[in-house]
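A.B. asks:
Chains as they are written, first to last, in the working numbering: chain A, 3 to 115; chain B, 155 to 266.
#1: Note down, in chain order, all residues in the stretch 98 to 112 of chain A with a beta-carbon under 9 Å from any beta-carbon belonging to chain B.
#2: Within 10 Å of its beta-carbon, does residue 5 of chain A have 16 or more other beta-carbons around it, so buried, or fewer, so exposed?
#3: What is the rounded straight-line gap between the Cα of residue 226 of chain B and the Cα of residue 245 of chain B?
#4: Let me know the secondary structure DSSP gives residue 203 of chain B once reduced to three states.
#5: Where do the N-terminal and C-terminal ends of the beta strand (DSSP E) with residue 73 of chain A fall, by residue?
#6: Considering only DSSP beta bridges, list what residue 228 of chain B is partnered with.
#7: Could you check the C-alpha separation between residue 99 of chain A and residue 171 of chain B for me, to the nearest Å?
#8: What do you get for residue 208 of chain B, buried or exposed, if any count of 16 or more other CB atoms within 10 angstroms of its CB means buried?
#9: Could you run through the stretch 44 to 66 of chain A and flag, in chain order, every residue whose CB is less than 9 Å away from some CB of chain B?
#10: Buried or exposed for residue 104 of chain A, please, with buried defined as at least 16 other CB atoms from any protein chain shown within 10 angstroms of its CB.
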């Protein structure tokens, strides 16, 4: 089945130690998104790629970076994780035309020690 | 911009009853709306969507109603089952390819 796959499902890192989260898709969608979701809250968009065009949300901290080397893969890099970055990180994809649903992976839960 | 809010953070219903989850949005230019279901430890799962040129859309056991006059959206689940227990999010997009704006979520608990 075509899907959005996030690895790993659980990630533990140390305060200040860089960490990379991965997302891959088999849907061949143009758009890929990264969201941060904290407990009992709605997903918060960090940034998205439309093909290779990167779109950063205004309030996304500089600590968060992203790479999209090809259509299928997208990475979230957190350069110096703080305790406040502990959250679920969700990757989603959508087709590039208007009014299309986003398809989500099951997320990576990031813990900071 | 757009802001999306759900009316109730929690909803408890008896198994077999119908559930109604409500949502309000602020931007009258929003033209695409989605309901997602999120179970514990999983990503949001698409349930049903509706475009602004419609006021009702039905799926399997679910119906979405859109009232553009009062900027209100609702999700109706018929014959609610224990497997429907989850957090439900509504989301809207102001226009075109603008990313979705999510509401805060309603936790639905089904009492057996």
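Ideal Cβ placement from N, Cα and C applies to all residues, glycine included.
C.D. replies: Looking at the atomic coordinates:
#1: 98, 99, 100, 101, 102, 103, 104, 105, 106, 107, 108, 109, 111
#2: exposed
#3: 12 Å
#4: strand
#5: Run containing residue 73 of chain A: none; DSSP gives neither H nor E here.
#6: B:176, B:219
#7: 38 Å
#8: exposed
#9: 44, 45, 46, 47, 50, 52, 57, 59
#10: buried
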